[in-house]
Amino acid sequence: MDGIELASVHAAVGDLSTGEVLYTKRDDVAVPIASITKLMTAMVALDAGQALDEWISIVDREDTHGKNGYSRLRPGSEATRGELLHLMLMASENLAAYVLASHYQGGVDAFVAAMNAKAKALGMTRSRFDDPSGLSLGNRSSAADLLQMIGTAYKYQAIRDYSTTYQYTATFRLPAYELGYGNTNPLTASSRWDVALSKTGYLNEAGRCLVMVAEIEGRPVAMVFLNSFGTRTPLGDAGRVRRWLQTGSSGSVAKAAVEYERSVVTGDEERVQGDAR
Numbered sequence: 000m001d002g003i004e005l006a007s008v009h010a011a012v013g014d015l016s017t018g019e020v021l022y023t024k025r026d027d028v029a030v031p032i033a034s035i036t037k038l039m040t041a042m043v044a045l046d047a048g049q050a051l052d053e054w055i056s057i058v059d060r061e062d063t064h065g066k067n068g069y070s071r072l073r074p075g076s077e078a079t080r081g082e083l084l085h086l087m088l089m090a091s092e093n094l095a096a097y098v099l100a101s102h103y104q105g106g107v108d109a110f111v112a113a114m115n116a117k118a119k120a121l122g123m124t125r126s127r128f129d130d131p132s133g134l135s136l137g138n139r140s141s142a143a144d145l146l147q148m149i150g151t152a153y154k155y156q157a158i159r160d161y162s163t164t165y166q167y168t169a170t171f172r173l174p175a176y177e178l179g180y181g182n183t184n185p186l187t188a189s190s191r192w193d194v195a196l197s198k199t200g201y202l203n204e205a206g207r208c209l210v211m212v213a214e215i216e217g218r219p220v221a222m223v224f225l226n227s228f229g230t231r232t233p234l235g236d237a238g239r240v241r242r243w244l245q246t247g248s249s250g251s252v253a254k255a256a257v258e259y260e261r262s263v264v265t266g267d268e269e270r271v272q273g274d275a276r
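In numbering that gives the first Met the number 0, the protein residues as written are 0 to 276.
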């Protein structure tokens, strides 16, 4: 597509008001999506219809404490379901995702099954979920599938509100304490952006990931960026998409990002060739 160049290895951009797909880049490849998973977790939790103001116990789970699994939540204390949903979306709180799933009817296994059922219902044919937080490398999707998922998540007002809160102080009980949190996407605090939905993700194997919806030129534009080079690369890609829609040209990307993409794509091709032998 003319006039646009992005640094992310996989990307998709769409207009949610018309359903038009505006841009794609390797959007049909299933890759690890890290905490982008939490948007599906949020939809399943909200679909269950359980009261958001219900206080539930914070259950400790060993599998959230490994790489990228740190949590400040205190096991044994309590928070409302809505509070945990809020922290999961804005601050990518991993233990919050597991607590929500553990209080689902049937527990975590039933919750994950519901995530996969939801994905199938949405036509996400290249997606699979193994856990509610995204720490599992088994959580995989494509940019095209995630564009579909965002379009549905955008219809949930709670997801839009919670995922775009920039700063928030959460309240807990038994014992009583408070914790301050910030949004993992700094664009939610920018006066230059009108962000309507946001979720970041990161694992070494997934790279930097970002999905978001922003009002650009009077329309809700959904963006998916997967396996980006560097912490700020997906933010830069969001800016490039906006510039492209406003002016017809996105501008260029950094040489280091281009080289990173080349190395990833070359590695993928070599693995495919090796599997075929």
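Note that the Cβ used here is the ideal one computed from N, Cα and C, for glycine as well. Source: prediction; values computed, not measured.
**Report entry** For W192, the nearest candidate out of F171, A175, G179, Y165 (CA to CA)
**Finding:** One-based indexing of the sequence shown puts residue 192 at position 193. The shortest C-alpha separation from W192 is found at Y165.
Query raised in the report: Which full runs of the alpha helix (DSSP H) of 4+ residues lie inside the segment 106-172, going along the chain?
Result: Runs of the alpha helix (DSSP H) inside the segment 106-172: 106-120, 142-152, 156-162.
**Report entry** Cβ pair count under 8 Å reaching 3, the segment 190-209 against the segment 18-36
**Finding:** Touching, yes, given that three or more Cβ pairs across the two stretches are closer than 8 Å.
Requested in this report: Grab me the residues of D59's own chain with a C-beta within less than 7 Å of its C-beta, minus the 5 sequence neighbours each way, in chain order.
Outcome: By 1-based counting over the sequence shown, the position of residue 59 is 60. Contacts found: P74.
Requested in this report: Could you tell me whether the segment 44-58 touches the segment 212-232, using the rule of 3 or more Cβ pairs below 8 Å?
Outcome: As far as the Cβ criterion goes, the segment 44-58 does not touch the segment 212-232, which means the pair count is below three.
Query raised in the report: Taking just the CA atoms, how far does L209 sit from L178?
Result: Start at 1 with the first residue of the sequence shown, and residue 178 comes out as number 179. Start at 1 with the first residue of the sequence shown, and residue 209 comes out as number 210. Computed Cα separation, rounded: 25 Å.
Query - Three-way DSSP call (helix, strand, coil) for H64 in this model - result: Residue 64 sits at position 65 when you count from the first residue of the sequence shown. Reliability fails at H64, whose pLDDT of 48 lies under 50, so the model's placement of it is uncertain and the value that follows must be treated cautiously. In this structure, H64 counts as coil in the three-state DSSP scheme.
Requested in this report: Under the assumption that P31 contacts R139 (Cβ atoms under 8 Å), give the Cβ distance between them as a whole number of angstroms.
Outcome: On the sequence shown, position 32 is the one that residue 31 refers to. On the sequence shown, position 140 is the one that residue 139 refers to. That pair is a contact at about 6 Å.
Query - Proximity to A195 [Cα-Cα], best of R172, S91, F224, I158 - result: Residue numbering aside, residue 195 sits at position 196 when the sequence shown is read from its first letter. Measuring from the Cα of A195, the nearest candidate turns out to be I158.
Query raised in the report: Where does the unbroken beta strand (DSSP E) through M222 begin, and where does it stop?
Result: Here residue 222 refers to the residue found at position 223 when the sequence shown is read from its first residue. That run of the beta strand (DSSP E) goes 218-227.
Query raised in the report: In this structure, what does DSSP give as the bridge partners for A11?
Result: As a working mapping, residue 11 is identified with position 12 in the sequence shown. Its beta-bridge partners are T23, V223.
Query raised in the report: Taking the Cβ atom as the reference point for each residue, do L121 and T151 lie within a distance shorter than 8 Å?
Result: Here residue 121 is taken as the residue at index 122 of the sequence shown, counted from 1. Here residue 151 is taken as the residue at index 152 of the sequence shown, counted from 1. Judged by beta-carbon spacing, T151 lies within the 8 Å limit of L121, meaning their Cβ atoms are closer than that value.
Query raised in the report: For M39, does the three-state DSSP call read helix, strand or coil?
Result: As a position in the sequence shown, residue 39 is number 40, starting the count at 1. Here M39 sits in helix by DSSP.
**Report entry** Whole-angstrom C-beta distance between Y161 and L88, which should lie under 8 Å
**Finding:** For the purposes of this step, residue 88 is identified with residue 89 of the sequence shown, where counting begins at 1. For the purposes of this step, residue 161 is identified with residue 162 of the sequence shown, where counting begins at 1. Confirmed, about 4 Å.
Query - Beta-carbon gap between R242 and S249 smaller than 8 Å - result: Taking the sequence shown and counting its residues from 1, one reaches residue 242 at position 243. Taking the sequence shown and counting its residues from 1, one reaches residue 249 at position 250. Yes. Within cutoff.
Query raised in the report: By DSSP, does S197 sit in helix, in strand, or in coil?
Result: Start at 1 with the first residue of the sequence shown, and residue 197 comes out as number 198. Looking at S197 - three-state DSSP - the assignment turns out to be strand.
Query raised in the report: Can you give the Cα-Cα distance for K117 and L225, rounded to whole angstroms?
Result: The count along the sequence shown starts at 1 and reaches residue 117 at position 118. The count along the sequence shown starts at 1 and reaches residue 225 at position 226. Going by C-alpha positions, K117 is about 21 Å away from L225.
Query raised in the report: Three-state secondary structure (DSSP) at M87?
Result: Against the sequence shown, residue 87 aligns to sequence position 88. Here DSSP, grouped into helix, strand and coil, assigns M87 to helix.
Query raised in the report: From the DSSP output, which residues share a beta bridge with A29?
Result: The residue labelled residue 29 in the question sits at position 30 within the sequence shown. DSSP lists no bridge partner for A29.
Report task. With a threshold of 16 other CB atoms inside 10 Å of the CB of V111, please say whether the residue is buried or exposed. Result -> Walking along the sequence shown from the start, residue 111 turns up at place 112. In this structure V111 is buried. Its beta-carbon is surrounded by 16 or more other beta-carbon atoms within 10 angstroms.
Query raised in the report: Between the segment 75-87 and the segment 9-21, are three or more C-beta pairs nearer than 8 Å?
Result: Contact between the segment 75-87 and the segment 9-21 is not established, with fewer than three Cβ pairs separated by less than 8 Å.
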